């Protein structure tokens, strides 16, 4: 089968199209003929071996796929962990979910990683109550575009940040109360101004570095900063005394451990599928790249030239 494989860590050029054997499912796993594979920003970190979890080589990247389950013929979406950038992938049966009628492969792929992330940002980690103000970073991206809509549906006041006029316009179209430039300079002031001059209750933060500091400084007392990415690769430290004086919270969120708890996957995913089928939630699907263009797809993702959910098509 055709697959994209990494044999050394580095830039996008290490993503090489190769021909390798079809993987064989182990006990408790299923084989999926991939129709679409999802791209995530974390894939770019894995390529450098700079993600939360270290990887070994050779590696076929790609944590999520949509396609046909070989043993049952069902249309499914699955969390495969690795191996998604390929014509076939194996995945744990417990993390392989039938896609209901009324939901496309693309919509299902946006739901299983980005959708679950957005859902848990609100429900589990941010514990957002109706009427609270929420800052959604990278609001035109796969997680951000869903988080803006979920926030509106849950009664939150959503302040979106994005890097261009076009992306900010999309966030407003999706239901954001306000949309501001995501650049770190004077970001605290822009956040507070967008919240009618008041500090905000919750920030969903995925950049790190200066953006983390600016977001933390925009928090109200009892505010929560939920960290779910380090896109800048610049890590931050918070002094405990400052936390105590302000009664603020900094909460770390990595979705991978949640996948071992079925109750944190199945019910939220069914909620998301239901919202999509009822057209209460719009999935923003970005570009779909042929498998051979995985390197270009990751470049576009890393350079923030994209909006919505990016996909690879192994059949192209």
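Numbering (UniProt numbering), first residue to last: 1 to 316.
All C-beta atoms, glycine included, are put in the ideal place defined by N, C-alpha and C.
If you're wondering where the values come from, they're calculated on a predicted model, not measured in any experiment.
Starting from residue i, trace the beta strand (DSSP E) in both directions and tell me its first and last residue.
{"i": "residue 36", "result": "29-38"}
{"i": "residue 181", "result": "178-181"}
{"i": "residue 69", "result": "64-69"}
{"i": "residue 59", "result": "Here residue 59 belongs to no beta strand (DSSP E), and DSSP marks it neither H nor E."}
{"i": "residue 161", "result": "157-162"}
{"i": "residue 252", "result": "249-252"}
{"i": "residue 19", "result": "16-19"}
{"i": "residue 2", "result": "2-5"}
{"i": "residue 319", "result": "Any answer about residue 319 is impossible in this case: the structure gives the chain only from 1 up to 316."}
{"i": "residue 311", "result": "309-313"}
{"i": "residue 98", "result": "96-98"}
With distances taken Cα to Cα, identify the nearest neighbour of residue i among the options.
{"i": "residue 273", "options": "74, 115, 58 and 41", "result": "115"}
{"i": "residue 50", "options": "249, 231 and 264", "result": "231"}
{"i": "residue 145", "options": "171, 156, 129 and 134", "result": "171"}
{"i": "residue 234", "options": "250, 245, 213 and 242", "result": "213"}
{"i": "residue 221", "options": "187, 256 and 248", "result": "248"}
{"i": "residue 110", "options": "217, 14, 41 and 26", "result": "41"}
{"i": "residue 314", "options": "13, 18 and 59", "result": "18"}
{"i": "residue 181", "options": "193, 294, 135 and 163", "result": "163"}
{"i": "residue 117", "options": "142, 153 and 130", "result": "142"}
{"i": "residue 193", "options": "159, 140, 150 and 257", "result": "159"}
{"i": "residue 67", "options": "259, 218, 174 and 31", "result": "31"}
{"i": "residue 259", "options": "64, 38 and 139", "result": "64"}
{"i": "residue 175", "options": "43, 195 and 282", "result": "282"}
{"i": "residue 199", "options": "152, 207 and 187", "result": "187"}
{"i": "residue 80", "options": "195, 29, 196 and 210", "result": "29"}
{"i": "residue 121", "options": "204, 152, 90 and 113", "result": "204"}
{"i": "residue 34", "options": "9, 293, 54 and 85", "result": "85"}
{"i": "residue 261", "options": "3, 95 and 217", "result": "95"}
{"i": "residue 207", "options": "196, 256 and 138", "result": "138"}
{"i": "residue 270", "options": "131, 196, 119 and 69", "result": "119"}
{"i": "residue 161", "options": "178, 155, 153 and 149", "result": "178"}
{"i": "residue 305", "options": "292, 291, 287 and 293", "result": "287"}
{"i": "residue 61", "options": "108, 9, 244 and 165", "result": "9"}
{"i": "residue 242", "options": "217, 256 and 91", "result": "217"}
{"i": "residue 26", "options": "90, 75, 59 and 3", "result": "90"}
{"i": "residue 21", "options": "210, 88, 148 and 14", "result": "88"}
How would you label residue i, buried or exposed, when you count the other beta carbons within 10 angstroms and need 16 or more for buried?
{"i": "residue 48", "result": "exposed"}
{"i": "residue 72", "result": "exposed"}
{"i": "residue 7", "result": "exposed"}
{"i": "residue 309", "result": "buried"}
{"i": "residue 215", "result": "buried"}
{"i": "residue 157", "result": "buried"}
{"i": "residue 134", "result": "buried"}
{"i": "residue 190", "result": "buried"}
{"i": "residue 312", "result": "buried"}
{"i": "residue 113", "result": "buried"}
{"i": "residue 238", "result": "exposed"}
{"i": "residue 201", "result": "buried"}
{"i": "residue 43", "result": "buried"}
{"i": "residue 83", "result": "buried"}
Locate the alpha helix (DSSP H) running through residue i, then write down its first and last residues.
{"i": "residue 281", "result": "Here residue 281 belongs to no alpha helix (DSSP H), and DSSP marks it neither H nor E."}
{"i": "residue 301", "result": "294-302"}
{"i": "residue 75", "result": "Counting along the chain, residue 75 falls outside any alpha helix (DSSP H), though it belongs to the beta strand (DSSP E) covering 75-79."}
{"i": "residue 318", "result": "The question about residue 318 has no answer, for the chain in this structure spans 1 to 316."}
{"i": "residue 109", "result": "105-110"}
{"i": "residue 44", "result": "41-47"}
{"i": "residue 173", "result": "165-173"}
Does chain B have any CB closer than 8 Å to the CB of residue i?
{"i": "residue 312", "result": "Checking the listed chains, one finds no chain B in this structure; it contains a single protein chain."}
Just to confirm, does residue i get its C-beta within under 7 Å of one of the non-hydrogen atoms of the ligand GTP?
{"i": "residue 313", "result": "Within the structure as shown, the ligand GTP is missing, as the structure has no ligands at all."}
Complete beta strand (DSSP E) runs within the region 189-221 (minimum length 3 residues, chain order): 200-205
Taking 8 Å as the cut-off, does the region 272-290 touch the region 93-112 (at least 3 CB pairs, one atom from each stretch)? yes
I'd like the ranges of any alpha helix (DSSP H) spanning at least 4 consecutive residues and lying wholly in the region 114-147. 116-120
Below 8 Å, can you find three or more Cβ-Cβ pairs linking the region 213-227 to the region 244-254? yes
Specify whether the region 121-133 and the region 301-311 touch according to this definition: at least 3 beta carbon pairs, one from each stretch, less than 8 Å apart. no
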